[in-house]
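Visitor: Got a structure here, written out as structure tokens. Questions coming.
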Amino acid sequence: MRGVTTFLKPGEAKYLTIFVCGVNKQFQGKRNPRSPQENFAASIFAILEDFAAKKASCEGLKLWVRTSNSRAIRFYEKFGFFQDTSGPVQEAKEGSPHLTMWKPLGS
Ligand SMILES: CC(C)(COP(=O)(O)OP(=O)(O)OC[C@H]1O[C@@H](n2cnc3c(N)ncnc32)[C@H](O)[C@@H]1OP(=O)(O)O)[C@@H](O)C(=O)NCCC(=O)NCCS
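Adding 357 to a residue's 1-based position in the sequence shown gives its number in the working numbering.
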């Protein structure tokens with residue numbers, strides 16, 4: 358998996374923010390043989406969640422996803438993320454709007 362994560366405003370941050378993430382195409386939708394009950398993507402997000410849980414002030418995970426990316430949204434919802442109630446935001450001129458998604462730790 359390739360990706361970028363950070364805690365915004367170190368010391369104050371409440372959510373581990375995932376800016377970019379992607380699983381190589383050949384591993385998308387594929388079971389992780391080391392953890393056969395889940396796909397590779399879920400295993401990777403479980404590691405991120407564990408990492409976030411070790412930070413004292415962290416309350417969960419946060420990311421943005423385009424509304425057109427139905428596969429990713431489906432995966433995030435399956436993993437326990439929920440959509441921000443404020444709805445999608447059109448930040449750039451091109452492309453579909455971005456949806457903010459959250460996953461509180463332990464949910
Ligand atoms: C997002 C990503 C990490 C998820 O990993 P994944 O291995 O594809 O995830 P899974 O296969 O476990 O789950 C995807 C779900 O979407 C479903 N799905 C597949 N194609 C779909 C589509 N076109 N529309 C809706 N759902 C779709 C799958 O069936 C699966 O749901 P299910 O388990 O209920 O059947 C991966 O798809 C990816 O790297 N995508 C390209 C990069 C990207 O879009 N990154 C996210 C940017 S925010």
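Positions of the beta carbon are idealized from the N, C-alpha and C atoms, including for glycine.
Note that the structure is a prediction, hence the values are computed from the model and not measured.
Are there 16 or more other CB atoms within 10 angstroms of the CB of residue 404, so buried, or fewer, so exposed?
Guide: It counts as exposed.
Visitor: What residue range is occupied by the uninterrupted beta strand (DSSP E) comprising residue 376?
Guide: Where residue 376 is concerned, the enclosing beta strand (DSSP E) stretches over 372–379.
Visitor: Looking only at its own chain, which residues have a Cβ that is under 7 Å from the Cβ of residue 389, when we skip the five neighbours before and after it?
Guide: 395, 396, 397, 400, listed in sequence order.
Visitor: Going straight from the alpha carbon of residue 457 to that of residue 420, what length do you get?
Guide: Each residue's Cα considered, the two are about 6 Å apart.
Visitor: Are residue 453 and residue 423 closer than 7 Å when you measure CB to CB?
Guide: Their beta carbons are under 7 Å apart, which means residue 453 touches residue 423 by this criterion.
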